[in-house]
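Asker: Keeping their order, the protein sequence lines are chains E and D. As numbered in our numbering, residues 25 to 441 make up the first sequence, in order. As numbered in our numbering, residues 25 to 441 make up the second sequence, in order. Heads up, the beta-carbon is just placed ideally off N, CA and C, and yes, glycines get one too. Quick one: the structure is below, and I'll ask about it shortly.
Number of protein chains: 2
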Amino acid sequence: MSTSAVEVIARQSRVAAGQLSSTSETLRNLALSNMAEALESVRRQVLEVNAREVAKARQNGQTPAMVRRLTIDDKVFQYMLDRLRKVARRPDPLNRVLQGHTNPAGLRVYKKSAPLGVIGIIYESRPNVTTDAAGVCIKSGNAVILRGGSEALQSNALLTDAMIKGAVDAGLPQHAIQIIRMPGHEAVDALLKMDGYVDVLIPRGGKGLIKRIAGGTRIPVIKHYDGICHLYLAEDADPTQAVDLAVNSKCQSIQVCNALETLLVDKHCAKPLLPLLHKAFSANAVELRGCEATLKILPGITRATEDDWHSEYLAPILAVKIVDGLDQAIAHINHYGSGHTDAIVTQNLKMAQQFEQRVDSASVLINASTRLSGGGDYGLGSVVGISTDKLHARGPVGPDELTTYKWVAYGNGHLRH
Amino acid sequence: MSTSAVEVIARQSRVAAGQLSSTSETLRNLALSNMAEALESVRRQVLEVNAREVAKARQNGQTPAMVRRLTIDDKVFQYMLDRLRKVARRPDPLNRVLQGHTNPAGLRVYKKSAPLGVIGIIYESRPNVTTDAAGVCIKSGNAVILRGGSEALQSNALLTDAMIKGAVDAGLPQHAIQIIRMPGHEAVDALLKMDGYVDVLIPRGGKGLIKRIAGGTRIPVIKHYDGICHLYLAEDADPTQAVDLAVNSKCQSIQVCNALETLLVDKHCAKPLLPLLHKAFSANAVELRGCEATLKILPGITRATEDDWHSEYLAPILAVKIVDGLDQAIAHINHYGSGHTDAIVTQNLKMAQQFEQRVDSASVLINASTRLSGGGDYGLGSVVGISTDKLHARGPVGPDELTTYKWVAYGNGHLRH
Numbered sequence: 025m026s027t028s029a030v031e032v033i034a035r036q037s038r039v040a041a042g043q044l045s046s047t048s049e050t051l052r053n054l055a056l057s058n059m060a061e062a063l064e065s066v067r068r069q070v071l072e073v074n075a076r077e078v079a080k081a082r083q084n085g086q087t088p089a090m091v092r093r094l095t096i097d098d099k100v101f102q103y104m105l106d107r108l109r110k111v112a113r114r115p116d117p118l119n120r121v122l123q124g125h126t127n128p129a130g131l132r133v134y135k136k137s138a139p140l141g142v143i144g145i146i147y148e149s150r151p152n153v154t155t156d157a158a159g160v161c162i163k164s165g166n167a168v169i170l171r172g173g174s175e176a177l178q179s180n181a182l183l184t185d186a187m188i189k190g191a192v193d194a195g196l197p198q199h200a201i202q203i204i205r206m207p208g209h210e211a212v213d214a215l216l217k218m219d220g221y222v223d224v225l226i227p228r229g230g231k232g233l234i235k236r237i238a239g240g241t242r243i244p245v246i247k248h249y250d251g252i253c254h255l256y257l258a259e260d261a262d263p264t265q266a267v268d269l270a271v272n273s274k275c276q277s278i279q280v281c282n283a284l285e286t287l288l289v290d291k292h293c294a295k296p297l298l299p300l301l302h303k304a305f306s307a308n309a310v311e312l313r314g315c316e317a318t319l320k321i322l323p324g325i326t327r328a329t330e331d332d333w334h335s336e337y338l339a340p341i342l343a344v345k346i347v348d349g350l351d352q353a354i355a356h357i358n359h360y361g362s363g364h365t366d367a368i369v370t371q372n373l374k375m376a377q378q379f380e381q382r383v384d385s386a387s388v389l390i391n392a393s394t395r396l397s398g399g400g401d402y403g404l405g406s407v408v409g410i411s412t413d414k415l416h417a418r419g420p421v422g423p424d425e426l427t428t429y430k431w432v433a434y435g436n437g438h439l440r441h
Numbered sequence: 025m026s027t028s029a030v031e032v033i034a035r036q037s038r039v040a041a042g043q044l045s046s047t048s049e050t051l052r053n054l055a056l057s058n059m060a061e062a063l064e065s066v067r068r069q070v071l072e073v074n075a076r077e078v079a080k081a082r083q084n085g086q087t088p089a090m091v092r093r094l095t096i097d098d099k100v101f102q103y104m105l106d107r108l109r110k111v112a113r114r115p116d117p118l119n120r121v122l123q124g125h126t127n128p129a130g131l132r133v134y135k136k137s138a139p140l141g142v143i144g145i146i147y148e149s150r151p152n153v154t155t156d157a158a159g160v161c162i163k164s165g166n167a168v169i170l171r172g173g174s175e176a177l178q179s180n181a182l183l184t185d186a187m188i189k190g191a192v193d194a195g196l197p198q199h200a201i202q203i204i205r206m207p208g209h210e211a212v213d214a215l216l217k218m219d220g221y222v223d224v225l226i227p228r229g230g231k232g233l234i235k236r237i238a239g240g241t242r243i244p245v246i247k248h249y250d251g252i253c254h255l256y257l258a259e260d261a262d263p264t265q266a267v268d269l270a271v272n273s274k275c276q277s278i279q280v281c282n283a284l285e286t287l288l289v290d291k292h293c294a295k296p297l298l299p300l301l302h303k304a305f306s307a308n309a310v311e312l313r314g315c316e317a318t319l320k321i322l323p324g325i326t327r328a329t330e331d332d333w334h335s336e337y338l339a340p341i342l343a344v345k346i347v348d349g350l351d352q353a354i355a356h357i358n359h360y361g362s363g364h365t366d367a368i369v370t371q372n373l374k375m376a377q378q379f380e381q382r383v384d385s386a387s388v389l390i391n392a393s394t395r396l397s398g399g400g401d402y403g404l405g406s407v408v409g410i411s412t413d414k415l416h417a418r419g420p421v422g423p424d425e426l427t428t429y430k431w432v433a434y435g436n437g438h439l440r441h
């Protein structure tokens, strides 16, 4: 697939985006439900094709983690359909009047949400991104260009063809959903040059992929880098709740971006708490790496280095630091954190509010597991990714985050004097 | 001023941003009113210093337009103070709860607005940007680093020193407002490298400046490129209103970004309307450049080339094209326009709504002059610039647009299962 083939796709998407911008909520929701139905009808084929791709990935010596991400079983497939139907039931992200007023001269002004236009999604392995991304984009009236990993090429093509059929049957334009079918870097490189047609790119995958995309295009990129997440156990933290939240934040799923990486323990509760935490983490086979002060209480554990505070392990390792109060905890988080998800355990309202206000992160949780940050528990229905940027979208990227807005003014011959 | 001097400023701003994030609305508004008072007390000095800079600019052979932009007279000064006071009276852009819900497990989740952090403003000539930008940034709880043009160095420094005094007297951190005092490219180049400290850059000036900034930094940039603005006179446009709106859009101020550049006239009303328009524009010394069909009705005018449809003249020239209905008008606007400001004259509601929905621009006006797009008539109080981006801020950039948001969740030991 040459640059010009990608350009044809990009241009077709631009035209489709123009048509999508004035589609009704009813039409877009019908398309989503049709897409789920059309997928339902190819369930067996998708599972077969995917099984072959999974077998091939195993033969090629892919890691078990990668094979797991690639796999579509009945449960995953059902989950994909459920999310399409869930996003269909969400309120319309378009044409929301965000603010408005009538000026003294009688000009009626309002600001309303509108689609971004054409969204490019570049992702690795997980075929569920194919349906999640298409669902979120169609919900928000955007045309989408999908570009999945080569190891899932056929699964993705099959899923996309079914969704296109469902969408077109509902009355959406033919090119509202498109997929780039050729493997290899050339097609991605071509897509990066389509700044005349594509409004935003969302890469999903390793940091390497994201850096390559962001550094190689003039198209705005919604990025997700690190998830160096913290939990701060304040002086008054309830010991049982503290241990439960720390363990759940770290262990519920080790390899995900909102898993805990650094535990901050207030110096006033470190002595009673650290042995409890050590015991609980040992039972979960998590290695602790502690600061100087932590080592005095838990002499058996590894000493943490400066690198540990900067680390997103995505592994059963946890950095532990004793801090002197809220200010030091917040300073540590804002310095070493990645602005993804950070949490506190406290019953002190003022402390909770200070933490909420001053921690500069996409998600700030009080007495809740870091694992609860994300589209599901935040009620977004379905998301296309998570952003660690501060501009435009921050945190989970659902249908609302794929909108821009426009200012509209109705006058009656109003002039500027 | 070396890189390290700029780095000191950037680091100080980052610390100030941390402190600003939890300031109250009352404190920030007090600071704004103190800033206006402090400016009031240096009015005479500012006018004197500015007069010397204006004289120097004249001696250096600067254009009258540039000299006019540089000048602070009593009226301009009053306007600067008024806008600081106006922005103080606006609702607080921070801590607005944007959405929220309680999930089935009882986790209370909400999304609330928060400051972006550190804003860098790089601008040319106009010293009013110094006070406008500082006002909008302080209102929204952001630390600001100002970097004005060298021709206004002393005016800007005087204005900034007064504002810092006012802000600090109110209790804001010392480095909430800072200015880079050294002329020349080196300081700007150093600022572009401060992606560890600066959250967003807003360049204000010519397209060359904006391209240089956007192309030379990893810091997100809120950009303003062209203002190729259109007015479409629909078939049913009232002739008097059509002529008045066209003339006001083009002539009220020729050199500004929301001035009219291309007039689209429906073929069904071109015959009666074009001679009226020609007469009105001739009276205002505006040259018309017409398409083939226009020339048949106005044989005396210049023929427009492809370049004309792409032109932001900022001069007394207007491109005129006859189009066959709404679809063609919208297609022309979305193809040749810059997504800034576009308007229609019609009494047909369906046509107005189609135009509103399908024109992909920051501002869409119905029966109103293109000159009415902007912070003033949109009720933003004061703005720091205008964005032609679609992500994050679109159109006028006021205090709301200098915020991000964070997700906050309050639980009671909530875990993920």
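Is the CB of residue 390 (chain D) under 8 Å away from at least one CB in chain C?
Answerer: Chain labels in this structure do not include chain C; the protein chains are E and D.
Asker: Can you tell me the Cβ-Cβ gap for residue 94 (chain E) and residue 75 (chain E), rounded? I've got them flagged as a contact below 8 Å.
Answerer: Between residue 75 (chain E) and residue 94 (chain E) the Cβ distance is about 10 Å, and since that is not below 8 Å, they are no contact.
Asker: Going by beta-carbon coordinates alone, are residue 162 (chain D) and residue 56 (chain D) separated by less than 8 Å?
Answerer: Closer than 8 Å, so yes.
Asker: Report yes if the C-beta distance between residue 418 (chain E) and residue 386 (chain E) is below 8 Å; otherwise report no.
Answerer: Yes.
Asker: To the nearest angstrom, how far is it from the Cα of residue 172 (chain E) to the Cα of residue 235 (chain E)?
Answerer: Rounded to whole angstroms, residue 172 (chain E) to residue 235 (chain E) spans 17 Å at the Cα level.
Asker: Is residue 373 (chain D) buried or exposed, if buried means 16 or more other CB atoms sit within 10 Å of its CB?
Answerer: When all chains shown are included, residue 373 (chain D) counts as exposed.
Asker: Which residues of chain D have a Cβ atom closer than 8 Å to the Cβ of residue 395 (chain E), listed in chain order?
Answerer: Correct list: 439, 440.
Asker: Answer with yes or no whether the minimum CB distance from residue 36 (chain D) to chain E is below 8 Å.
Answerer: So, not an interface residue.
Asker: Can you give me the Cβ contacts of residue 252 (chain D) inside the same chain, cut-off strictly under 6 Å, excluding the 5 residues immediately before and after it?
Answerer: Only 285, 336, 361, 362 meet the Cβ criterion.
Asker: Return the bridge partner residues of residue 429 (chain E) from the DSSP annotation.
Answerer: DSSP, once it has assigned bridges, lists E:137 as partnering residue 429 (chain E).
Asker: Ordered along the chain, which non-local residues of its own chain (more than five positions away) have a Cβ less than 7 Å from that of residue 260 (chain E)?
Answerer: 370, 371, 372.
Asker: Could you list the residues in the segment 400-413 of chain D with a C-beta less than 8 Å from some C-beta on chain E, going in chain order?
Answerer: Within the segment 400-413 of chain D, the qualifying residues are 401, 402, 403, 413.
Asker: Thinking residue 164 (chain D) and residue 118 (chain D) are a contact (beta carbons under 8 Å), I'd like their distance in whole angstroms, please.
Answerer: 7 Å between Cβ atoms; contact.
Asker: For a cutoff of 8 Å on Cβ pairs, would you count residue 280 (chain E) as touching chain D?
Answerer: Judged by the 8 Å Cβ criterion, residue 280 (chain E) is not in contact with chain D.
Asker: Skipping 5 residues on each side, what residues in its chain have a beta carbon closer than 6 Å to that of residue 204 (chain E)?
Answerer: Once the five neighbours on either side are set aside, the close Cβ partners of residue 204 (chain E) are 171, 211.
Asker: Please report how far the alpha carbon of residue 213 (chain D) lies from the alpha carbon of residue 243 (chain D), in whole angstroms.
Answerer: Taking the straight line joining both Cα atoms gives about 12 Å.
Asker: So residue 326 (chain D) and residue 311 (chain D) are supposed to be a Cβ contact under 8 Å. How far apart are they, rounded?
Answerer: Correct: roughly 7 Å between the Cβ atoms.
Asker: My parser needs the alpha helix (DSSP H) runs of 4 or more residues fully inside the segment 76-150 of chain E; what are they?
Answerer: Counting only runs of 4 or more, we get 88-94, 98-113.
Asker: So, do the segment 123-140 of chain D and the segment 27-35 of chain D have three or more beta carbon pairs nearer to each other than 8 Å?
Answerer: Touching, no.
Asker: Quick one: list the residues of chain D neighbouring residue 304 (chain E), beta-carbon separation under 8 Å, in chain order.
Answerer: Under the 8 Å cutoff, chain D gives no residues; its nearest Cβ is about 13 Å from residue 304 (chain E).
Asker: For residue 428 (chain D), which residues in chain E fall below 8 Å Cβ to Cβ?
Answerer: Here the neighbours are 414, 415, 418.
Asker: Rounded to whole angstroms, what's the CA-CA distance from residue 245 (chain E) to residue 241 (chain D)? Just pull it up for me.
Answerer: Taking the straight line joining both Cα atoms gives about 15 Å.
Asker: Can residue 295 (chain E) and residue 321 (chain E) be called in contact, C-beta distance under 8 Å?
Answerer: Yes.
Asker: Could one say the Cβ of residue 224 (chain E) lies closer than 8 Å to chain D's Cβ atoms, at least one of them?
Answerer: Yes, residue 224 (chain E) lies at the interface with chain D (some Cβ there is under 8 Å from its Cβ).
Asker: Unbroken alpha helix (DSSP H) runs of length 4 or more, entirely within the segment 344-394 of chain E: which are they?
Answerer: List check, alpha helix (DSSP H) in window: 349-360, 373-382.
Asker: Span of the beta strand (DSSP E) holding residue 302 (chain E)?
Answerer: It is not in any beta strand (DSSP E) - residue 302 (chain E) instead sits in the alpha helix (DSSP H) that spans 294-307.
Asker: Can you check whether the C-beta of residue 140 (chain E) is within less than 8 Å of a C-beta belonging to chain D?
Answerer: Output row for residue 140 (chain E): interface = yes.
Asker: Would you kindly check if the distance between the Cβ of residue 168 (chain D) and the Cβ of residue 176 (chain D) is under 8 Å?
Answerer: The answer is no: Cβ separation not under 8 Å.
Asker: Is there a C-beta anywhere in chain E that falls below 8 Å from the one on residue 276 (chain D)?
Answerer: Yes, residue 276 (chain D) counts as interfacial toward chain E.
Asker: Below 9 Å between beta carbons is the criterion; list the residues of the segment 240-265 of chain D that meet it against any residue of chain E, in chain order.
Answerer: Within the segment 240-265 of chain D, the residues whose Cβ lies closer than 9 Å to some Cβ of chain E are 242, 244, 246, 262, 264, 265, listed in chain order.
Asker: Can you list, in chain order, the residues of its chain whose CB lies under 7 Å from that of residue 45 (chain D), leaving out five sequence neighbours each side?
Answerer: Excluding sequence neighbours, residue 45 (chain D) sits near 138, 139, 165.
Asker: For the segment 329-362 of chain D, list every residue whose C-beta sits within 7 Å of some C-beta in chain E, in sequence order.
Answerer: Those residues of the segment 329-362 of chain D that come within reach of chain E (Cβ to Cβ, closer than 7 Å) are 358.
Asker: Roughly how many angstroms lie between the CA atoms of residue 357 (chain E) and residue 438 (chain D), to the nearest whole one?
Answerer: Answer to the nearest angstrom: the Cα atoms are 21 Å apart.
Asker: Which residue or residues does DSSP assign as beta-bridge partners of residue 409 (chain E)?
Answerer: According to DSSP, residue 409 (chain E) bridges with E:421.
Asker: Should residue 46 (chain D) be flagged as near chain E, meaning a C-beta pair shorter than 8 Å?
Answerer: Closer than 8 Å: yes.
Asker: Excluding sequence positions up to five away, which residues of its chain have a Cβ less than 7 Å from the Cβ of residue 413 (chain D)?
Answerer: Result list for residue 413 (chain D): 246, 247, in chain order.
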